[in-house]
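>
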Amino acid sequence: MNMGFALPARLAAGAAMLCTVAAMAQAPAAVPQFKDYPADAPHTGANHSLVLDSDFARAYRTRLREAVASGKPEFAGRYIVVRWGCGTGGCNTGAVIDAVTGHATPMPGALTSVYPLKPEFEKEDGQELIYKLSSRLLVQAGDIEGVNGDGKDVVEFHEFSRGKFNLIKRLPYGREGKSRP
């Protein structure tokens, strides 16, 4: 058996593997896309009345009931989105309400000022919450309460699954807009 070529071949394979790993480490992280988190078919029936099954639902029942009465699903196929201010003038929070079951889930955090992800939001309140009826992905951008506390903006990507928001990715955010979905 000729071993003369075995060592150079193994060295070459090892070097190729190291180069691949190094390239992967330097590649920019993929930004989650709405299309990768499809929702079920949109709910078109009547909204279920609000179910007061949690401290959250009981505390915000007026806002939540108003949303159920006048809203329609606009997120993840069957969820009504409702937002309200925190009382300080500089932040907002909210919930999603399942139009089929009436169960309310709080947003993953309160948002405070952020640079707009999209130019058409420049005149808005400086907080971002982006979602689609056809997707379970929710994108929020801002100084998210309970995350940083340092005044630095982040973009968070959450998948809504089994009645809760699951953080997929958190990225730093600035005017460059490199974290757009």
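The sequence shown lines up with residues -25 to -1, 1 to 156 when you count with mature numbering (1 follows the signal peptide of the UniProt record, and there is no 0). Even glycine gets a Cβ: it sits at the ideal position worked out from N, Cα and C. Note that the structure is predicted; figures quoted are calculated from it, not measured.
(1) Helix, strand or coil for L142 per DSSP?
(2) State the DSSP-derived secondary structure class of R137, mapped to helix, strand or coil.
(3) Going by other Cβ atoms of all chains shown within 10 Å of its Cβ, with 16 needed for buried, is E41 buried or exposed?
(4) From Q8 to L112, what does the alpha carbon distance come to, in whole angstroms?
(5) Using the C-alpha atoms, what's the distance from E134 back to S24?
(6) Could you check whether A74 and P48 sit closer than 7 angstroms to each other, using their CB atoms as the reference points?
(7) Please list, in chain order, all residues of the same chain as L104 whose beta carbon is under 6 angstroms from its beta carbon, the five residues on each side excluded.
(8) Go through its chain and collect everything with a Cβ distance to V26's Cβ below 8 angstroms, but skip five positions before and after it.
(9) Helix, strand or coil, according to DSSP, for E131 in the structure here?
(10) Hey, P81 and A70: beta-carbon distance below 7 angstroms or not?
In this structure, then:
(1) Looking up residue 142 in the sequence shown gives position 167. DSSP places L142 in strand when its eight states are reduced to three.
(2) Your numbering for residue 137 matches position 162 in the sequence shown. Note: R137 maps to coil in three-state DSSP.
(3) By 1-based counting over the sequence shown, the position of residue 41 is 66. Answer is exposed; the Cβ neighbour count stays below 16.
(4) Position 33 of the sequence shown, counted from the first residue, corresponds to residue 8. Position 137 of the sequence shown, counted from the first residue, corresponds to residue 112. Roughly 8 angstroms separates the two Cα atoms.
(5) As a working mapping, residue 24 is identified with position 49 in the sequence shown. As a working mapping, residue 134 is identified with position 159 in the sequence shown. Cα to Cα, the separation comes out at about 25 angstroms.
(6) Translated into the one-based positions of the sequence shown, residue 48 becomes position 73. Translated into the one-based positions of the sequence shown, residue 74 becomes position 99. Going by C-beta atoms, P48 is nearer than 7 angstroms to A74.
(7) The residue you call residue 104 lines up with position 129 of the sequence shown. So the qualifying residues of the chain are Q115.
(8) Taking the first residue of the sequence shown as 1, we reach residue 26 at position 51. Within the same chain, V26 has close Cβ partners A32, T76, G77, H78 and A79.
(9) Locating residue 131 in the sequence shown gives position 156, where the first residue counts as 1. It is a strand residue.
(10) For the purposes of this step, residue 81 is identified with residue 106 of the sequence shown, where counting begins at 1. For the purposes of this step, residue 70 is identified with residue 95 of the sequence shown, where counting begins at 1. In contact: P81 and A70 (Cβ atoms closer than 7 angstroms).
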